[in-house]
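Chains as they are written, first to last, in UniProt numbering: chain F, 1 to 297; chain W, 1 to 372. Only one structure is covered here, and it is reproduced in the block below.
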């Protein structure tokens, strides 16, 4: 499977040459392996290493909770009827940030976490009792000769899962609109909906859309149809766009990276879903038929 | 003597000569930077340097390096938003020479460094929000042919950039004003766009005799807010909160809000349709019934953390200018402010933010001062 969704790097760097290796003062350009993806995180290793004995202990500790989850799943299987339709005009809340424990379902990342920049961010409760995603966006570039651009902060929900750490996906097929109530600072933020699939080609598929904020003390409700989201992989918009698979959604996130240095502050009250019967657009972007050498495959 | 000769034989030759080469080359290279010795840095001098480079040498040796160097200097010359400068840089690349002539050249990246250079140039345009035009396409076509990677980049840009260019519901001019007063007006307009009835006033603190700071105040208040202010209970103090930031592209403006109490909700304890006790069927995401979040208030100004009575931005963001603002509000049809106490709750700025010159120190946390 040839990975054509990559950076705009046209030339691969030369492999390690013995001459360069012997002299430490010559900076070797890291080799980029572009044939297949080795791991889901793209080389950003964030796993905490634990001893095998600790692993066993932790496993037993978690067993109780997992069994409880499993029991709930079994109960749901017999008692729950599938949802067939959403009520038009009513918002079903995915996350309602009215208590601090909802924040545990999210993870924040910024470029300083991987020594790739100087931004930092936090997700905590605001004085008004909502989630507050705030921090400092810094576009300075660390002088290590490797990083070209920096300056991002993001919050992302943890992967939805079933009992015993089995990955699962959201199923939003009955909805067609994302509803988010925010109070921002005039910056524009990026909404990210990840649709990680099985193959390495799809691990970095994220659907993006811009969230413009008014700024000021007034709350605003943004309703964004899913048809408007554009497909990107590793931050690059793809030539072959498709509508997102609403039953394959793995993460939801908000990112700040509008290239302006300074503090940012986004208060979120809730993130929800809605069915809008007047919106029957499948996909908002027309796709032209292009020559084969422009759009691969 | 003999030991010296012996030692020189023993020493690894290759290594020393390798370092020697670098050492000597470091001393002899004289860096010629045509950008640094320009006295004034503007668009004209930038284009002059490019013209000079083009005319210096018929073969234009090192033009890829020159373009990269020029791209890095764009911000310094203030041309990073200028399409003409980018076009002048594309024009440095030779026409016709880099066009592939057979399928192998077309497939295997003919002149890869040049192509990458042009792609990087286009990407810098994209990052600065500069949309290329048809002439640019023609220039790139003449340089790289229609199978060049820069052309693909160009076509992608021309597909996506117009789609996102005017997407923001809050219009901002292409060229942001340099004047802080104009910026403050734009910011207050943007914030108060939630209520189209809002009046935005520009006041000078000179109208108040006791004011120490002589500066301007941009204040926004609608008729509903005036009514809400008139209805505030006299025993409960109003609160000035701030400074908060609002961003207009790269510029940020500090603003302050005057907050009042929320009107008491009409009380009705018996709720026959209370569904909050019903257990939520599993499988439905979200909540059924009432969450702890408050319901929608009658007016947009009644937010859940208080009633927003007015918004302002001042020239100095000082406490004295805010005091003048309260007095000016009182003068302009808000007579209640004469009797009601006002608390100043000015937050200290976050520790990692350096203050700009226009915002003098507001480090006192929760300073309480009574006015009126």
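For glycine and all other residues, C-beta sits at the position ideal for the given N, C-alpha and C. Every value quoted in this text rests on a predicted model; they were computed, and no experiment measured them.
At the level of alpha carbons, what is the spacing between residue 298 of chain F and residue 189 of chain F?
The structure shown has nothing for residue 298 of chain F, since chain F only spans 1 to 297.
Can you tell which of W/301, W/96, W/308 has the C-alpha that lies nearest to the C-alpha of residue 141 of chain W?
As a first step, residue 141 of chain W must be located in the second chain, where it is residue number 141. For the residues W/301, W/96, W/308, the minimum Cα distance to residue 141 of chain W belongs to W/96.
Buried or exposed (CB count within 10 angstroms, at least 16 for buried), residue 181 of chain F:
The residue you call residue 181 of chain F lines up with position 181 of the first chain. When all chains shown are included, residue 181 of chain F counts as buried.
According to the Cβ coordinates, are residue 193 of chain F and residue 244 of chain F closer than 8 Å?
Here residue 193 of chain F refers to the residue found at position 193 of the first chain. Here residue 244 of chain F refers to the residue found at position 244 of the first chain. Result yes, Cβ atoms of residue 193 of chain F and residue 244 of chain F sit closer than 8 Å.
Using 8 Å as the limit for Cβ to Cβ distance, is residue 303 of chain W near chain F?
Here residue 303 of chain W refers to the residue found at position 303 when the second chain is read from its first residue. Yes, contact with chain F.
Proximal chain W residues relative to residue 139 of chain F, where beta-carbon distance stays under 9 Å:
In the first chain, the residue the question calls residue 139 of chain F occupies position 139. Under a criterion of Cβ atoms nearer than 9 Å, no residue of chain W is adjacent to residue 139 of chain F; the nearest Cβ is some 10 Å distant.
Using a cut-off of 9 Å between C-beta atoms, extract the partners of residue 257 of chain W located in chain F.
By one-based count along the second chain, residue 257 of chain W stands at place 257. Within 9 Å Cβ-Cβ: 216, 217.
Taking C-beta to C-beta, are residue 193 of chain W and residue 76 of chain F nearer than 8 Å?
Residue numbering aside, residue 193 of chain W sits at position 193 when the second chain is read from its first letter. Residue numbering aside, residue 76 of chain F sits at position 76 when the first chain is read from its first letter. Residue 193 of chain W is not a Cβ neighbour of residue 76 of chain F, given a cutoff of 8 Å.
Closer than 8 Å is the cut-off here; do at least three beta carbon pairs connect the region 150–166 of chain F with the region 93–110 of chain F?
Yes, the region 150–166 of chain F is in contact with the region 93–110 of chain F.
Compute the Euclidean distance between the alpha carbons of residue 261 of chain W and residue 123 of chain F, then round it to the nearest angstrom.
If you number the second chain from 1, residue 261 of chain W lands on position 261. If you number the first chain from 1, residue 123 of chain F lands on position 123. Taking the Cα positions, residue 261 of chain W is about 28 Å away from residue 123 of chain F.
Counting Cβ pairs closer than 8 Å, one from the region 194–210 of chain W and one from the region 229–246 of chain W, do we hit at least three?
For the pair of segments examined, the region 194–210 of chain W was found not to touch the region 229–246 of chain W: the number of CB pairs separated by less than 8 Å stays below three.
Closer than 7 Å by beta-carbon distance: list the chain W residues that pair up with residue 44 of chain F, in chain order.
Counted from its first residue, the first chain places residue 44 of chain F at position 44. Taking the beta carbon of residue 44 of chain F as reference, no residue of chain W falls within 7 Å; the closest one sits roughly 23 Å away.
DSSP has residue 268 of chain F in a bridge; who is on the other side?
Mapped onto the first chain, residue 268 of chain F falls at position 268. Its beta-bridge partners are F/131, F/182.
Buried or exposed, going by whether 16 or more other CB atoms sit within 10 Å of the CB of residue 324 of chain W?
Position 324 of the second chain holds residue 324 of chain W. Classified as buried, residue 324 of chain W has 16 or more neighbouring CB atoms from the shown chains inside 10 Å of its CB.
Selection of the region 108–122 of chain F by Cβ proximity to chain W, strictly under 7 Å:
The residues in question: there are none.
Hey, quick one: how far does the beta strand (DSSP E) through residue 257 of chain W stretch, first residue to last?
The count along the second chain starts at 1 and reaches residue 257 of chain W at position 257. 251–260 is the extent of the beta strand (DSSP E) around residue 257 of chain W.
Ignore the nearest five residues each way along the sequence and tell me which others in residue 50 of chain W's own chain have a CB closer than 6 Å to its CB.
One-based indexing of the second chain puts residue 50 of chain W at position 50. Excluding residues within five positions, the ones whose Cβ falls inside 6 Å are 88.
Residue nearest to residue 41 of chain F in terms of C-alpha spacing, selected from F/203, F/240, F/141
The sequence position of residue 41 of chain F within the first chain is 41, counting from 1. Looking at the Cα atoms, F/203 is the closest of the given residues.
Proximity test, Cβ basis, 8 Å: residue 159 of chain F and chain W:
Translated into the one-based positions of the first chain, residue 159 of chain F becomes position 159. By this cut-off, residue 159 of chain F is not an interface position.
Could one say the Cβ of residue 245 of chain W lies closer than 8 Å to chain F's Cβ atoms, at least one of them?
By 1-based counting over the second chain, the position of residue 245 of chain W is 245. Yes - at least one Cβ of chain F is within 8 Å of the one on residue 245 of chain W.
So residue 160 of chain W contacts chain A; which residues on that side make the cut at Cβ distance below 7 Å?
Protein chains in the displayed structure are F and W, and chain A is not among them.
May I ask you to report which of helix, strand or coil DSSP gives residue 279 of chain F?
Counting from one through the first chain, the residue named residue 279 of chain F turns up at place 279. Of the three classes helix, strand and coil, the one that applies to residue 279 of chain F here is coil, per DSSP.
For a quick check, are the C-beta atoms of residue 43 of chain W and residue 79 of chain W less than 8 Å apart?
Here residue 43 of chain W refers to the residue found at position 43 of the second chain. Here residue 79 of chain W refers to the residue found at position 79 of the second chain. In this structure, the beta-carbon distance from residue 43 of chain W to residue 79 of chain W falls below 8 Å.
Below 8 Å, can you find three or more Cβ-Cβ pairs linking the region 169–189 of chain W to the region 249–257 of chain W?
Taking one beta carbon from each stretch, the region 169–189 of chain W and the region 249–257 of chain W have 3 or more pairs nearer than 8 Å; the two touch.
Evaluate residue 118 of chain F with the Cβ neighbour count: other Cβ atoms within 10 Å of its Cβ, from every protein chain shown; 16 or more gives buried, anything less gives exposed.
Within the first chain, numbered from 1, the residue matching residue 118 of chain F stands at position 118. It counts as buried.
Three-state secondary structure (DSSP) at residue 235 of chain W?
For this step, residue 235 of chain W is matched to residue 235 along the second chain. The three-state secondary structure of residue 235 of chain W, taken from DSSP, is coil.
Selection from F/196, F/175, F/290, F/59 that minimises the alpha carbon distance to residue 272 of chain F
Your numbering for residue 272 of chain F matches position 272 in the first chain. Of F/196, F/175, F/290, F/59, the residue nearest in Cα terms is F/175.
Out of W/160, W/115, W/223, which has the shortest C-alpha to C-alpha gap to residue 309 of chain W?
Against the second chain, residue 309 of chain W aligns to sequence position 309. Comparing Cα-Cα distances from residue 309 of chain W to each of W/160, W/115, W/223, the minimum goes to W/223.
Please list the partners that residue 262 of chain F has in chain W, where partner means a Cβ-to-Cβ separation under 9 Å.
The residue you call residue 262 of chain F lines up with position 262 of the first chain. Listed by position along chain W, the residues whose Cβ is nearer than 9 Å to that of residue 262 of chain F are 245, 247, 250, 252, 353.
Measuring only the C-alpha atoms, how far is residue 183 of chain F from residue 45 of chain W?
What you label residue 183 of chain F is simply residue 183 of the first chain in a count that begins at 1. What you label residue 45 of chain W is simply residue 45 of the second chain in a count that begins at 1. Residue 183 of chain F and residue 45 of chain W: Cα-Cα distance of roughly 44 Å.
How big is the Cα-Cα spacing for residue 260 of chain F and residue 277 of chain F?
Sequence index remark: in the first chain, residue 260 of chain F carries index 260 (1-based). Sequence index remark: in the first chain, residue 277 of chain F carries index 277 (1-based). Just so you know, the alpha carbons of residue 260 of chain F and residue 277 of chain F end up roughly 38 Å apart.
Is the number of C-beta pairs between the region 119–127 of chain W and the region 151–161 of chain W that are closer than 8 Å three or more?
Flag = yes, the region 119–127 of chain W and the region 151–161 of chain W touch.
What did DSSP end up calling residue 44 of chain F once you bin it into helix, strand or coil?
For the purposes of this step, residue 44 of chain F is taken as residue 44 along the first chain, with counting starting at 1. If DSSP states are grouped into helix, strand and coil, residue 44 of chain F belongs with coil.
Confirm, please, whether the CB-CB distance from residue 259 of chain W to residue 306 of chain W is below 8 Å.
As a working note, residue 306 of chain W is residue 306 in the second chain. As a working note, residue 259 of chain W is residue 259 in the second chain. Their beta carbons are under 8 Å apart, which means residue 306 of chain W touches residue 259 of chain W by this criterion.
Classification of residue 74 of chain W by the beta-carbon crowding that lies within 10 angstroms, buried from 16 upward
In the second chain, counting from the first residue as 1, residue 74 of chain W sits at position 74. Buried, since its Cβ has 16 or more Cβ neighbours within 10 Å.
Looking at the C-beta of residue 219 of chain W, does it have a partner C-beta in chain F at a distance below 8 Å?
Looking up residue 219 of chain W in the second chain gives position 219. So, not an interface residue.
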